[in-house]
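Enquirer:
Residue numbers (the numbering used here): 20 to 381.
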């Protein structure tokens, strides 16, 4: 659905409403005599921000990718050596066995449980990435289970599974519009289906728009079929929120509602705030992207998504020292405070820019 509003300066603006699927639900929130009443009505309709776990309000250190167990431990230990406060270290897609989510590369991470216990023993947490595209590998038990259960998004014929291209290569996509598929996904956050899943582990849902490298506009074709016969054009905007929801519910279930889940999502919809944090996606190490991050995050918060942030330092490119320092100064005021960087960038842990700059960042 698209809305174009013109003549904003006049008393009676002109608007144009367009729904590609032909379905449009419109709710008007009149408020009373001030804007805060509109916001109160909006969160009554869509839900309040999930209360984040305390650790998640601290500083998060992420990179695509910390290479292996040794690299991860070295980074974690250097934070102590540098007396630099941080609470969470993140592992991107390279920690998996061939981009099969819910797995670990046994050569790079021979004992993930011990790694998590050691990091968790100092009051910190680990976050791993779990994306909604599943590697089409007949030796991958989760793939064959979901395939045989009929839980994947279908081609336009409504019968055969859609085959898209993402990080693992040929991939199937779980149909998160199906409540049974969501429940199945949620049930896999345990130490049997997800080996080395411990109390110190939390989850990152990326690529959940959904991202399809060889699809139109890098997403799913609009005529793919979802549960109930709905075309993808009808459910595209809610797909990512349902991934977020299923993961959040899975972590609640795994910890028997005793621990607040932390789940980060790139895709969002009205109501995503009920399931955790959102970040603004892949930005670039440029002053304009630092500048843009402020209104972007404020806009998210106006839609009820309070726990939001932008990648400190920029995901793409290499920030100069001044830009990095300024980004940390802004980032510390973001509700979600994470530094992240692309695989091809130079290492930029906060102590790598000289003693004086480390002190400024600290």
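All residues carry an ideal CB built from backbone N, CA and C; glycine is no exception.
1) Work out the CA separation of residue 36 and residue 283 for me, nearest whole Å.
2) To the nearest whole angstrom, what separates the beta carbons of residue 122 and residue 116, a pair I think is in contact under 8 Å?
3) In this structure, how does DSSP classify residue 113 when only helix, strand and coil are distinguished?
4) Quick one: is residue 163 buried, meaning 16 or more other Cβ sit within 10 Å of its Cβ, or exposed?
5) Only counting the same chain, and skipping five residues up and downstream in sequence, which positions put a Cβ closer than 6 Å to that of residue 24?
6) Would residue 250 pass as a contact of residue 241 if the rule is Cβ separation under 8 Å?
7) Since residue 133 is in the alpha helix (DSSP H), which residue starts that stretch and which ends it?
8) Output yes or no for whether 8 Å exceeds the beta carbon distance between residue 261 and residue 335.
9) Hey, out of 118, 170, 218, whose CA is closest to residue 247's CA?
10) Considering only residues of the region 179-236, which uninterrupted alpha helix (DSSP H) runs meet the minimum length of 4 residues and lie entirely inside it, listed in chain order?
11) If residue 232 and residue 256 are in contact, beta carbons under 8 Å, what's the gap, nearest whole angstrom?
12) Go ahead and pull the three-state DSSP assignment for residue 37.
13) According to DSSP, what are the bridge partners of residue 21?
14) Here's a check: name, in chain order, each residue in its chain whose Cβ is nearer than 8 Å to the Cβ of residue 105, leaving out the five neighbours to either side.
15) By Cβ distance below 7 Å, which residues in the same chain neighbour residue 301 in space, the five residues on each side in sequence not counted?
16) Can you list, in chain order, the residues of its chain whose CB lies under 7 Å from that of residue 132, leaving out five sequence neighbours each side?
17) Any idea if residue 183 is buried or exposed, counting beta-carbon neighbours within 10 angstroms, 16 or more meaning buried?
18) Could you check where the alpha helix (DSSP H) with residue 58 kicks off and where it finishes?
19) Residues in the same chain with beta-carbon distance under 6 Å from residue 222, minus the five sequence neighbours each way, listed in chain order, please.
20) Check whether the region 59-71 and the region 335-347 are in contact - that is, three or more C-beta pairs closer than 8 Å.
21) Using alpha carbons as the reference points, say which of 364, 371, 329, 377 lies closest to residue 358.
Expert: Judging by the given coordinates:
1) Locating residue 283 in the chain shown gives position 264, counting from the first residue. Locating residue 36 in the chain shown gives position 17, counting from the first residue. Annotation: residue 283 to residue 36 spans about 31 Å, alpha carbon to alpha carbon.
2) Along the chain shown, read from residue 1 onward, the residue named residue 122 stands at position 103. Along the chain shown, read from residue 1 onward, the residue named residue 116 stands at position 97. Sure, about 4 Å apart at Cβ, within 8 Å.
3) Mapped onto the chain shown, residue 113 falls at position 94. The three-state secondary structure of residue 113, taken from DSSP, is helix.
4) To locate residue 163, count along the chain shown from 1; it is residue 144. The residue is exposed, with fewer than 16 neighbouring Cβ atoms inside 10 Å.
5) In the chain shown, residue 24 corresponds to position 5, counting from 1. The answer, listed in chain order, is 32, 34.
6) Looking up residue 250 in the chain shown gives position 231. Looking up residue 241 in the chain shown gives position 222. A contact, by the Cβ cut-off of 8 Å.
7) Against the chain shown, residue 133 aligns to sequence position 114. Note, residue 133: alpha helix (DSSP H), 131-139.
8) Here residue 261 is taken as the residue at index 242 of the chain shown, counted from 1. Here residue 335 is taken as the residue at index 316 of the chain shown, counted from 1. Not closer than 8 Å, so no.
9) Reading the chain shown from its first residue, position 228 is the one you call residue 247. Comparing Cα-Cα distances from residue 247 to each of 118, 170, 218, the minimum goes to 170.
10) Listed in chain order, the complete alpha helix (DSSP H) runs (minimum 4 residues) inside the region 179-236 are 198-205.
11) On the chain shown, residue 232 is found 213 positions in, with the first residue counted as 1. On the chain shown, residue 256 is found 237 positions in, with the first residue counted as 1. About 20 Å separates the two Cβ atoms, so there is no contact after all.
12) Your numbering for residue 37 matches position 18 in the chain shown. In the structure shown, residue 37 sits in a strand (DSSP, three-state: E or B).
13) For the purposes of this step, residue 21 is taken as residue 2 along the chain shown, with counting starting at 1. Residue 21 has 37 as its beta-bridge partners, per DSSP.
14) In the chain shown, residue 105 corresponds to position 86, counting from 1. If we look at residue 105 and ignore the five residues flanking it on each side, its Cβ neighbours are 77, 78, 79, 80, 98, 143.
15) Within the chain shown, the letter at position 282 stands for residue 301. Excluding positions up to five away in sequence, the list reads 334, 335.
16) Counting from one through the chain shown, the residue named residue 132 turns up at place 113. Answer for residue 132: 215, 217, listed in chain order.
17) Taking the chain shown and counting its residues from 1, the one referred to as residue 183 is at position 164. Under this definition residue 183 is a buried residue.
18) Counting from one through the chain shown, the residue named residue 58 turns up at place 39. Its alpha helix (DSSP H) spans residues 54-65.
19) Indexing the chain shown from 1 puts residue 222 at position 203. Counting only Cβ-Cβ distances below 6 Å, and skipping sequence neighbours, we find 149, 266, 282.
20) Look at the beta carbons and you see the region 59-71 not touching the region 335-347: under three pairs across the two are nearer than 8 Å.
21) In the chain shown, the residue the question calls residue 358 occupies position 339. Residue 329 is the option with its Cα nearest to residue 358.
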